[in-house]
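Report on one structure; see the data block that follows.
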Amino acid sequence: MCLGIPGKVLEVREENGLLMGRVDFGGVRKDACLAYIPEIQAGDYVIVHVGFAISRLDEEEALSTLELLREIGAIDQELATMGPGMEAPAVLDDGAPRQAVDAPSRPLATA
Amino acid sequence: MKYIDEYRDARVARRLVAEIRRATTHPWTLMEICGGQTHTIVKQGIDEMLPDGVRMIHGPGCPVCVTPLEQVDKALAIAADPRVIFASYGDMLRVPGSTTDLLSLKARGADVRVVYSPLDAVRLAAATPDREVVFFAIGFETTAPANAMAVWQAAQLGLRNFSVLVSHVLVPPAMEAILSSPSNQVQAFLAAGHVCAVMGWQEYEPIAARYRVPIVVTGFEPLDLLEGILMAIGQLEEGRAEVENQYTRAVRRGGNQLARETVFRVFEVGDRTWRGIGMIPASGYRLKPAFAAFDAEERFQVADIETREHPACIAGAILQGTKTPLDCTAYGVLCTPRRPLGAPMVSSEGTCAAYHAAGRGLGPEPRPLKLLDDLQGGLGAGGPGAGS
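The listed protein sequences derive, respectively, from chains A and B.
Following our numbering, the numbering of the first sequence begins with 59 at its first residue and continues without gaps.
Following our numbering, the numbering of the second sequence begins with 1331 at its first residue and continues without gaps.
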């Protein structure tokens, strides 16, 4: 529930006096309220928590975080709770072991 | 196009753990107060990677777990009202009240609906003017801007059938309650990254100074946590007690001012009871008098609630970090994720649920798969300066 995940803002619009946006989370697209980051533009990345953008991110770092979450499997659980219609089940961990993350062979970009 | 993320790079992780081991010359006790961080720490076994003597205590960082039993029972009473559509974040549905839970009520015909965003509850109210829509507004400071906006929007739209059952909790007063306890062992904190994305970190500076504790604003990925722990230990070893920011990609010192403006337009600080801990003064939000019309506790008669916790549940000690699930006689036996006795076993951010999902203390343990599964063996052979 408290997970905030990074997504890319595709478009910005106004709805009922609120700034809203279509946000892409690694291929899954959902709406989020952008009222708290009004300077946001399409192409920017934001952290979204319970349908609200609460912080802006650097694109490079955001994509990295998406990769990590996808690998751990958490993003699939979080995305399962999002979406219109809202009959999604609560996020539950069934205790199944997760795959260890593969170590990439590329050298580090930064310290 | 893929970015190789430094926050998942196992070579960076090994370097971080090696540096933590190099830097540590003294036993230290750290605490995180964030359910998301607890979950990652336990799932990835980060606490098991740390040098001997460095201990992570899991603080009361799961908002679902600390929602007071009184508020859960009020939610159940309201949800049972046939006029009501009761909307809630999904995690709250299986939290045990004194006698039942929201999911059981739903199974018996109560109109209980999971929403992802509080705005969905507002839309529901606008679309069903003949029903009362009540939203369970729980959370830490991270969620307050969303919950506040829902109330604000409802007011702007002139909705008369929307109300909220408020149960917000705040991190800094909990930190102070822990630090001022005579039995406190915590010497440094990892602060919750997304709480700080909203609130900034200014309010932690007087705490760091007054109690002489390092506080490191930390993210949620394994490498964020390792880096945050390294920074905290660095301060402890050097005798510093400052607020530092590890989660630089998302958090600035001033936080999100617009979000806070809406929060304080709708909410004000008040006393709050934390489940398992008790009343902490000025540790929660309540609706301001101007928004009393949206207060579900005023709209529905839900006084005279007698609460009762399950006698075997030690959630209070778990949330205060004085015991772990392994100390609990009911853990894994009477109390499981499918049949929880208390809140920390329900929420994905709860300590007991995290332990259970990682298989800790559940008998002959398959070694849980972790980010750095071969780490400890490799480091042991290398000694200081080894590794990348």
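The beta carbon of each residue, even a glycine, is placed where N, CA and C say it ideally should be.
Name the one or two DSSP bridge partners that Y103/A has.
K66/A and L115/A
Going by DSSP in three states, V1394/B sits in which element: helix, strand or coil?
helix
Between A1456/B, L1454/B and D1411/B, which has its C-alpha nearest K1436/B's C-alpha?
D1411/B
Secondary structure, alpha helix (DSSP H): runs of 4+ residues fully inside the region 1591 to 1664 of chain B:
1626 to 1629 and 1645 to 1650
Which chain B residues sit within Cβ distance under 7 Å of G75/A?
Q1486
How would you label H1356/B, buried or exposed, when you count the other beta carbons within 10 angstroms and need 16 or more for buried?
exposed
Name the two residues that bound the continuous alpha helix (DSSP H) containing M1724/B.
With chain B covering 1331 to 1718 only, the question about residue 1724/B has no answer from this structure.
Going by the beta-carbon positions, is the gap between A1417/B and V1396/B smaller than 8 Å?
no
At a Cβ cut of 9 Å, what residues of the region 1498 to 1515 of chain B count as close to chain A, listed as they run along the chain?
none
Partners in chain B for L115/A, counting only beta-carbon separations shorter than 8 Å:
R1579 and A1580
Within a Cβ cutoff of 7 Å, which residues of the same chain sit near L1406/B, ignoring the five residues on either side of it in sequence?
G1427, T1430, L1432 and L1435
Would you mind working out which of V1496/B, W1482/B and R1344/B sits nearest P1381/B, comparing C-alpha positions?
R1344/B
Can you list the residues of chain B that A93/A reaches, using a CB-CB cut of under 7 Å?
M1479
Checking contacts by CB at 8 Å: is Q1576/B closer than that to chain A?
no
What is the DSSP secondary structure of C91/A, reduced to helix, strand or coil?
strand
Beta-carbon proximity of M1546/B to A1562/B, cut-off 8 Å:
With the sequence shown as reference, residue 1546/B is identified as Val, and Met is not the correct amino acid for it. In this structure, A1562/B lies closer than 8 Å to V1546/B by Cβ.
Out of V1676/B, H1686/B and A1626/B, point me to the one whose CA is closest to G1662/B's CA.
H1686/B
If you pair each beta-carbon of the region 1640 to 1660 of chain B with each one of the region 1385 to 1399 of chain B, do three or more pairs fall below 8 Å?
yes
Identify which residue in A1580/B, T1659/B, V1543/B and G1646/B has its Cα closest to the Cα of G1608/B.
G1646/B
Closest Cα partner of E1639/B within the set L1617/B, F1594/B, P1398/B and R1443/B:
P1398/B
Take every Cβ of the region 1536 to 1551 of chain B, pair it with every Cβ of the region 1590 to 1608 of chain B, and state whether three or more of those distances are shorter than 8 Å.
no
Interface residues of chain A around G1693/B at Cβ under 7 Å?
Result: empty, since nearest Cβ-Cβ is about 13 Å, beyond 7 Å.
By DSSP's criteria, N1575/B is part of a beta bridge. Which residues make up the other side?
V1547/B
Less than 8 Å between the C-beta atoms of I36/A and G62/A, yes or no?
The requested residue 36/A is not part of the displayed model; chain A covers only 59 to 169.
Where the region 1524 to 1536 of chain B meets chain A: residues whose CB sits under 8 Å from a CB there
H1524, A1527 and V1528
For the region 1444 to 1456 of chain B, which residues have a beta carbon sitting closer than 8 Å to at least one beta carbon of chain A?
V1444, V1445, Y1446, S1447, P1448, L1449 and D1450
Using beta-carbon positions only, say whether K1373/B and A1673/B come within less than 8 Å of one another.
no
At 7 Å on the CB atoms, spell out the chain A contacts of N1586/B, in chain order.
Y94, I112 and S113
Quick one: measure Cβ to Cβ for Y94/A and A1589/B, integer angstroms, because I've assumed they're closer than 8 Å.
4 Å
Can you find a C-beta in chain A that's less than 8 Å from the C-beta of G1389/B?
no
Among N1586/B, R1542/B and W1604/B, whose alpha-carbon lies nearest the alpha-carbon of V1499/B?
W1604/B
Using a Cβ-Cβ distance under 8 Å, would G1366/B count as near chain A?
yes
Can we count R71/A as close to the ligand GTP, meaning its CB is less than 7 Å from some heavy atom?
Ligands displayed in this structure: none; no statement on the ligand GTP is therefore possible.
Determine which residues of the region 1589 to 1622 of chain B have a Cβ less than 8 Å from any Cβ of chain A, and write them out in chain order.
A1589 and T1592
Between the Cα of A1719/B and the Cα atoms of P1670/B, A1623/B, V1632/B and Q1631/B, which residue gives the shortest distance?
The structure shown does not extend to residue 1719/B, since chain B spans only 1331 to 1718, so no value can be given for it.
Go ahead and pull the three-state DSSP assignment for V1499/B.
strand
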